[in-house]
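J.:
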Amino acid sequence: MRIATWNVNSLRVRMPHLKDWLAANPMDVVALQETKLADPDFPREELEALGLHVAFSGQRTYNGVALLSSVEPTDVVAGIPGFADEQKRVLAATIGGVRVIDVYVPNGQAVGSDKYDYKLRWFAALRDYVSAELARHPQLVVLGDYNVAPEDRDVHDPKAWAGQVLASEPERAALRALLATGLEDCFRRFEQPEKSFSWWDYRMMAFRRNAGLRIDLILASVPLAQACAECRIDKAPRKLERPSDHAPVVARFDI
DNA sequence: ATGGCTACGATCCGTAGA
1 MRIATWNVNS LRVRMPHLKD WLAANPMDVV ALQETKLADP DFPREELEAL
51 GLHVAFSGQR TYNGVALLSS VEPTDVVAGI PGFADEQKRV LAATIGGVRV
101 IDVYVPNGQA VGSDKYDYKL RWFAALRDYV SAELARHPQL VVLGDYNVAP
151 EDRDVHDPKA WAGQVLASEP ERAALRALLA TGLEDCFRRF EQPEKSFSWW
201 DYRMMAFRRN AGLRIDLILA SVPLAQACAE CRIDKAPRKL ERPSDHAPVV
251 ARFDI
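Letter by letter, the first sequence follows residues 1 to 255 of the numbering used here.
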């Protein structure tokens, strides 16, 4: 089973890139973030024409998550049950026997801001949700844009980013608390190139300088992680004209 | 020196992203 996550930063704009990428990289599951489309505007037919099943939970302009899959998703649940949130950031479904939770973690804007507090509250709610889902689904993957670089090696310039949003200790602690429910970062199960990142600012030629962060993660339950045969970041789409600022992350599971 | 892109929905600028 091949699973990918990709923050497309507007599905409307990135549809050509997504279709080209899927043609070259067939996937069983693709988790998208920042679709920025209300549900009536979701390009369902266009994706179904590629032989994919679709599930989506979106809103205009901001946020929005979607799951594309080669087999029909079941038990589709949008949002974090019991956590009131108008922002469309979470979508779960069971696909081919695996429970998949697609997440778009809040950015947090700046340490100490209202949005930062929301991010930490949101993380706590996600942890409780994942903990409950793990009890029901041993084969669980929680993937998406986490908006946290887990460690300094996931940051191009740790000194410059020290204490900043996306790299601050409370955010990293929230991510570790999520992992402590029983998840593993698939990417770090394997030897990886130094300075592996999944997001680069549009400005300052950040991609050319590889001035990025690794904030897009595929976390798997321990039984599923043990079946992970590969996890990599595909930088190719970031090199195209008018790219998303995020690259897709892919994992392959021998199940 | 504190911005530099990009997307969006609103007008030719503000909000947000990360």
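Beta carbons: idealized from backbone N, C-alpha and C, even for Gly.
Near Leu120, what residues of its chain come up, given a Cβ to Cβ distance below 7 angstroms and the 5 sequence neighbours on each side ignored?
T.: On the first sequence, residue 120 is found 120 positions in, with the first residue counted as 1. Correct list, in chain order: Pro170, Ala174.
J.: Where in the stretch 167-203 do unbroken runs of the alpha helix (DSSP H), each at least 4 residues long, occur, reported from the N-terminal end onward?
T.: Within the stretch 167-203, the complete alpha helix (DSSP H) segments of 4 residues or longer fall at 169-179, listed in chain order.
J.: Give me the residue from Gln59, Leu224, Ala55 with the minimum Cα distance to Asp75.
T.: Here the question's residue 75 lines up with position 75 in the first sequence. Cα-wise, what sits closest to Asp75 is Ala55.
J.: Could you check where the alpha helix (DSSP H) with Val222 kicks off and where it finishes?
T.: Along the first sequence, one-based indexing puts residue 222 at 222. 222-225 is the span of the alpha helix (DSSP H), which, as asked, contains Val222.
J.: Please classify Gly163 as buried or exposed, where buried requires at least 16 other C-beta atoms within 10 Å of its C-beta.
T.: In the first sequence, the residue the question calls residue 163 occupies position 163. Its Cβ having fewer than 16 others within 10 Å, Gly163 is exposed.
J.: Let me confirm a value: Gly108 is counted as buried when at least 16 other C-beta atoms fall within 10 Å, else exposed. Which label applies?
T.: Position 108 of the first sequence, counting from 1, holds the residue named residue 108. With 16 or more Cβ atoms within 10 Å of its Cβ, Gly108 is classed as buried.
J.: Taking the alpha carbon of Val100 as the point to measure from, which residue in Tyr118, Leu219, Thr61, Arg44 has its own alpha carbon closest?
T.: Looking up residue 100 in the first sequence gives position 100. Out of Tyr118, Leu219, Thr61, Arg44, Leu219 has the C-alpha closest to the C-alpha of Val100.
J.: Using C-beta distances below 7 angstroms, list every residue in its chain close to Ile215, excluding the 5 sequence neighbours before and after it, in chain order.
T.: Within the first sequence, residue 215 is the residue found at index 215, counting from 1. Excluding positions up to five away in sequence, the list reads Asp145, Tyr146, Asn147, Val148, Ala149, Leu166, Ser198, Trp199.
J.: Compare the beta carbon distance of Asp185 and Leu217 with 7 angstroms and say whether it is the shorter of the two.
T.: Along the first sequence, read from residue 1 onward, the residue named residue 185 stands at position 185. Along the first sequence, read from residue 1 onward, the residue named residue 217 stands at position 217. The answer is yes: Cβ separation under 7 angstroms.
J.: Does the beta-carbon of Asn210 have 16 or more other beta-carbons within 10 angstroms, so that it is buried, or is it exposed?
T.: In the first sequence, counting from the first residue as 1, residue 210 sits at position 210. The residue in question, Asn210, is exposed, as its Cβ has fewer than 16 Cβ neighbours within 10 Å.
J.: Please list the segments of the beta strand (DSSP E) lying wholly inside the stretch 63-129, counting only runs of 3 or more residues, in order along the chain.
T.: 65-69, 74-78, 90-95, 98-104
J.: Going by the CB atoms, is the gap between Lys88 and Thr61 shorter than 7 angstroms?
T.: If you number the first sequence from 1, residue 61 lands on position 61. If you number the first sequence from 1, residue 88 lands on position 88. At the C-beta level, Thr61 and Lys88 stay beyond 7 angstroms of one another.
J.: If I follow the unbroken beta strand (DSSP E) through Asp20, where does it start and stop?
T.: The residue labelled residue 20 in the question sits at position 20 within the first sequence. Element bounds for Asp20: not the beta strand (DSSP E) but the alpha helix (DSSP H), 11-24.
J.: Can you tell me the Cα-Cα spacing of Ser259 and Arg188, whole angstroms?
T.: One cannot answer for residue 259 here, as it falls past the ends of the chain, which runs 1 to 255.
J.: Taking the alpha-carbon positions, what's the Ala4 to Asp117 distance?
T.: Working through the first sequence from its first residue, we reach residue 4 at position 4. Working through the first sequence from its first residue, we reach residue 117 at position 117. One C-alpha to the other measures close to 29 angstroms.
J.: Alpha carbons only, please: which of Arg232, Leu47, Leu224, Ser113 is nearest the one belonging to Gln192?
T.: One-based indexing of the first sequence puts residue 192 at position 192. Residue Arg232 is the option with its Cα nearest to Gln192.
J.: Please go through the same chain and pick out, in chain order, the residues whose beta-carbon is closer than 8 angstroms to the beta-carbon of Val8, but skip the five residues on each side of it.
T.: Numbered from its first residue, the first sequence carries residue 8 at position 8. Same-chain partners within the cutoff: Arg14, His17, Leu18, Leu32, Gln33, Glu34, Thr35, Ser244, His246.
J.: List the endpoints of the continuous alpha helix (DSSP H) containing Glu45.
T.: Within the first sequence, residue 45 is the residue found at index 45, counting from 1. Looking at the DSSP string, the run of the alpha helix (DSSP H) that includes Glu45 is 44-48.
J.: What would DSSP say about Ala251, mapped onto helix, strand or coil?
T.: Taking the first residue of the first sequence as 1, we reach residue 251 at position 251. In the three-state reduction of the DSSP assignment, Ala251 falls in the strand class, which pools E and B.
J.: Give every residue of the same chain whose Cβ lies closer than 8 angstroms to the Cβ of Gln139, excluding the five residues on either side of it in the sequence, and list them in chain order.
T.: Indexing the first sequence from 1 puts residue 139 at position 139. Correct list, in chain order: Gly97, Val98, Arg99, Ser221, Pro223, Leu224, Ile255.
J.: Within a Cβ cutoff of 6 angstroms, which residues of the same chain sit near Pro248, ignoring the five residues on either side of it in sequence?
T.: Counting from 1 along the first sequence, the entry for residue 248 is found at position 248. So the list reads Ala4, Trp6, Asp234, once near-sequence residues are dropped.
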